[in-house]
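Take a look at the structure below.
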Amino acid sequence: MGHGRTQGASMIQAWWLADPENRALQGAGLFAGGCHGAGLGTLSTQLVEPGGPQSHSHPNAPLALTPFPTDSARFVLAVGSAVFDAMFNGGMATTSTEIELPDVEPAAFLALLKFLYSDEVQIGPETVMTTLYTAKKYAVPALEAHCVEFLKKNLRADNAFMLLTQARLFDEPQLASLCLENIDKNTADAITAEGFTDIDLDTLVAVLERDTLGIREVRLFTAVVRWSEAECQRQQLQVTPENKRKVLGKALALIRFPLMTIEEFAAGPAQSGILVDREVVSLFLHFTVNPKPRVDFIDRPRCCLRGKECSINRFQQVESRWGYSGTSDRIRFSVNKRIFVVGFGLYGSIHGPTDYQVNIQIIHTDSNTVLGQNDTGFSCDGSASTFRVMFKEPVEVLPNVNYTACATLKGPDSHYGTKGLRKVTHESPTTGAKTCFTFCYAAGNNNGTSVEDGQIPEVIFYT
């Protein structure tokens, strides 16, 4: 090589030639050496005839491939890369012996060259992202696929957010989807990892929009506050409640404060200064009064369950009228397999559009332990349809164990179900798997609901 090469260039050259396979590639006409600075620099390829002039560039010379048989080099690069094909053979083909390759890491470009010449994949944790960038930039889809596969195999909760950001940046939807699934399954670990506070706002929004995060909302809020503090520092803003709210922007509205308990809300978000007084008051009213006022935040439960939502209806006919005086409608049930109950379908008013207050519960019958409940409300349109009332979190129901479904409604007379079924089976339309419910009379105060007729017609669940 020329006498003006940098120390970095010599190091790359020595590393390259240390591998016998690389020396073999040099014998076939490939030599890589030289670099431009550190980090994302400028690379160039010098294509010369055997025995042609050596490079005598200045000390900051970019990467060069020399000595390099012009025709064979162009052929290999053009066959392996549509970008190089256009560069060498297209209508705007260059005749220069030096080709500038901007914004490419030297190690990543060497990995690309080695792949084009030998089909050998040489990537690792430190180089995979820059190699993926280079493979996409120079349209080498086979190497790109190897990089994505490497990332998939090394996807973990502690790097899921970092890889999600990169997948979105490089437009890799399959990798992004896998990252999101990992975050769903391991939300608590993922949001405590170092990479979480480094994500951009759009990525944060994409995650907060999901219904499938497996974590309590108050912990999610705490993590989002940490992100806002880091973002303030990135934007060189003072870390104040007002600036935290400012950098969160549209992400703040995606925090589902109604899913918290009143104690969680009072101890954390209400005192954070991020919410304005009007929001704090409306949320406290949402927690404490009925009918519940509308709030500006989503109250749809996050369900950390995959698959398709299922439901069964235990009645074959609907009638009028069913009254309420403060006593709970109750029905016992068991199932043949493990499921997660996410809500009930309830009947609404016979008098037209009406709002109901309701408390729903699932109780472990033998121990009388409340496994899940929600004090909420629902609006009905006066039809004989059922109306969804959801738990804040899925309730695990184990096979062949007795549970009691309870609903305490406050409102006008409603429709009710008749011709009830003691056994109801749900069959999956895709797998054919059967979930069998058995309903039994719940002794004691039950407002008249039984197997034959009453309220709580539907159970909404995941398998």
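Each residue of the sequence shown is one higher than the one before, starting from 275 at the first, in the working numbering.
Each residue gets a CB set at the ideal place from its N, CA and C atoms; glycine is no exception.
Among the options, the one whose alpha carbon lies nearest that of residue i
i	options	result
Asp-458	Asp-476, Thr-471, Ala-434 and Leu-475	Ala-434
Ala-464	Phe-652, Arg-612, Asp-640 and Asp-432	Asp-432
Thr-639	Gly-626, Val-675, Ile-734 and Thr-628	Val-675
Ala-527	Arg-493, Thr-496, Ile-572 and Glu-503	Ile-572
Pro-627	Glu-400, Gly-656, His-689 and Lys-611	Gly-656
Ala-497	Ser-641, Leu-452, Gln-509 and Ser-546	Ser-546
Ile-397	Ile-605, Val-350 and Leu-425	Leu-425
Glu-505	Asn-460, Leu-559, Thr-471 and Val-592	Thr-471
Leu-454	Glu-446, Val-481 and Cys-421	Val-481
Leu-384	Pro-447, Arg-500, Asn-719 and Tyr-412	Tyr-412
Leu-672	Lys-410, Ala-541, Glu-701 and Ser-608	Ser-608
Gly-354	Leu-375, Asp-393 and Gly-364	Asp-393
Arg-530	Leu-494, Ser-556 and Gly-523	Leu-494
Tyr-630	Gln-591, Val-563, Arg-612 and Glu-667	Val-563
Leu-417	Pro-399, Asp-445, Pro-447 and Leu-386	Leu-386
Phe-735	Arg-484, Ser-702 and Gln-512	Ser-702
Gly-718	Gln-729, Val-521, Ser-602 and Gly-706	Ser-602
Lys-611	Phe-389, Val-357 and Lys-708	Lys-708
Lys-427	Asp-445, Lys-410 and Asn-456	Asn-456
Thr-729	Cys-680, Gly-706, Gly-685 and Thr-704	In the sequence on display, residue 729 carries Gln and not Thr. When each option's Cα is compared against that of Gln-729, the closest is Cys-680.
His-700	Met-361, Val-733, Gln-510 and His-625	Val-733
Pro-447	Thr-466, Ala-419 and Thr-704	Ala-419
Ile-746	Thr-705, Leu-511 and Cys-710	With the chain represented from 275 up to 737, any question about residue 746 goes unanswered, as that position is not in the structure.
Residue i: first and last residue of the uninterrupted alpha helix (DSSP H) it sits in
i	result
Tyr-407	402–411
His-420	415–427
His-560	551–562
Arg-519	515–522
Ala-450	447–459
Ser-546	543–546
Thr-439	434–443
Ala-480	475–482
Neighbourhood of residue i by C-beta distance below 6 Å, restricted to the same chain and skipping five residues each side
i	result
Gly-315	With a pLDDT of only 30 at Gly-315, under the threshold of 50, the placement of this residue in the model should not be trusted; the figure read from the coordinates follows. Hits under 6 Å: none found.
Thr-678	Arg-604, Arg-606, Ile-637, Thr-639 and Ala-716
Gly-311	Reliability fails at Gly-311, whose pLDDT of 31 lies under 50, so the model's placement of it is uncertain and the value that follows must be treated cautiously. Nothing listed; no residue qualifies.
Thr-643	none
Asn-460	Ala-431
Ser-653	Asp-629
Lys-566	His-560 and Gly-651
Ala-298	Summary for Ala-298: the model assigns pLDDT 43, below 50, so the residue's position carries little reliability, and this model does not support an answer.
Ser-502	Lys-518, Val-521 and Leu-522
Beta-carbon contacts of residue i that lie in its chain and below 7 Å, excluding the five residues immediately before and after
i	result
Asp-359	Ala-352
Met-403	Gln-440
Gly-301	With a pLDDT of 42 at Gly-301, under the threshold of 50, the modelled position of that residue is not reliable, and the figure given next carries that caveat. The answer is none, since no qualifying residue turns up.
Leu-549	Pro-543
Glu-483	Leu-528
Gly-247	Here the chain has residues from 275 to 737 only, and residue 247 is not among them.
Ser-556	Pro-567 and Val-569
Val-554	Ala-544
Gly-313	In this predicted model, Gly-313 has a pLDDT of only 30, less than 50, meaning its place in the structure is not dependable enough to derive any value.
Sub-9 Å separation of residue i and residue j beta-carbons
i	j	result
Ala-441	Val-479	no
Gly-651	Val-669	no
Gly-597	Asp-687	yes
Tyr-690	Arg-595	yes
Leu-452	Leu-429	yes
Glu-538	Glu-593	no
Leu-449	Val-422	yes
Thr-682	Gly-581	no
Val-357	Leu-390	no
Phe-558	Ala-541	no
Phe-444	Lys-410	yes
Below-9 Å beta-carbon distance, residue i vs any chain C residue
i	result
Gly-685	Protein chains in the displayed structure number just one, and chain C is not present.
Beta-carbon contacts of residue i that lie in its chain and below 8 Å, excluding the five residues immediately before and after
i	result
Phe-665	Pro-575, Val-615, Val-616, Gly-617, Ile-634, Ile-636, Gly-646, Gln-647 and Asn-648
Thr-477	Phe-435, Leu-438, Thr-439 and Arg-442
Arg-382	What sits at residue 382 in the sequence shown is Ala, not Arg. For Ala-382, where only same-chain residues beyond five positions count, the Cβ hits under 8 Å are Thr-401, Thr-404, Thr-405, Tyr-407 and Thr-408.
Phe-713	Arg-588, Ile-605, Arg-606, Phe-607, Gly-694, Leu-695, Arg-696, Lys-697, Val-698 and Val-725
Gln-591	Gly-691, Thr-692 and Lys-693
Arg-552	none
Host beta strand (DSSP E) of residue i (start-end)
i	result
Met-361	No beta strand (DSSP E) contains Met-361, which is instead part of the alpha helix (DSSP H) from 356–363.
Met-534	Per DSSP, Met-534 belongs to no beta strand (DSSP E) and is neither H nor E.
Arg-508	Per DSSP, Arg-508 belongs to no beta strand (DSSP E); it is in the alpha helix (DSSP H), 491–508.
Asn-633	628–638
Tyr-391	Per DSSP, Tyr-391 belongs to no beta strand (DSSP E); it is in the alpha helix (DSSP H), 380–392.
Thr-660	660–671
Asp-485	No beta strand (DSSP E) holds Asp-485; DSSP gives it neither H nor E.
Tyr-621	613–621
Exercise. Is the region 609–626 touching the region 653–672, taking contact as three or more C-beta pairs under 8 Å?
Worked result: Flag = yes, the region 609–626 and the region 653–672 touch.
Exercise. Touch check for the region 580–590 and the region 643–650: three-plus C-beta pairs under 8 Å?
Worked result: With contact defined as three or more Cβ pairs closer than 8 Å, the region 580–590 and the region 643–650 are not in contact.
Exercise. Touching or not, the region 684–694 and the region 720–730, by the rule of three or more beta carbon pairs under 8 Å?
Worked result: Yes: at least three Cβ pairs fall under 8 Å.
Exercise. Okay, do the region 533–543 and the region 509–517 touch, 3+ Cβ pairs below 8 Å being the bar?
Worked result: The region 533–543, when compared against the region 509–517, does not touch it at the 8 Å Cβ threshold.
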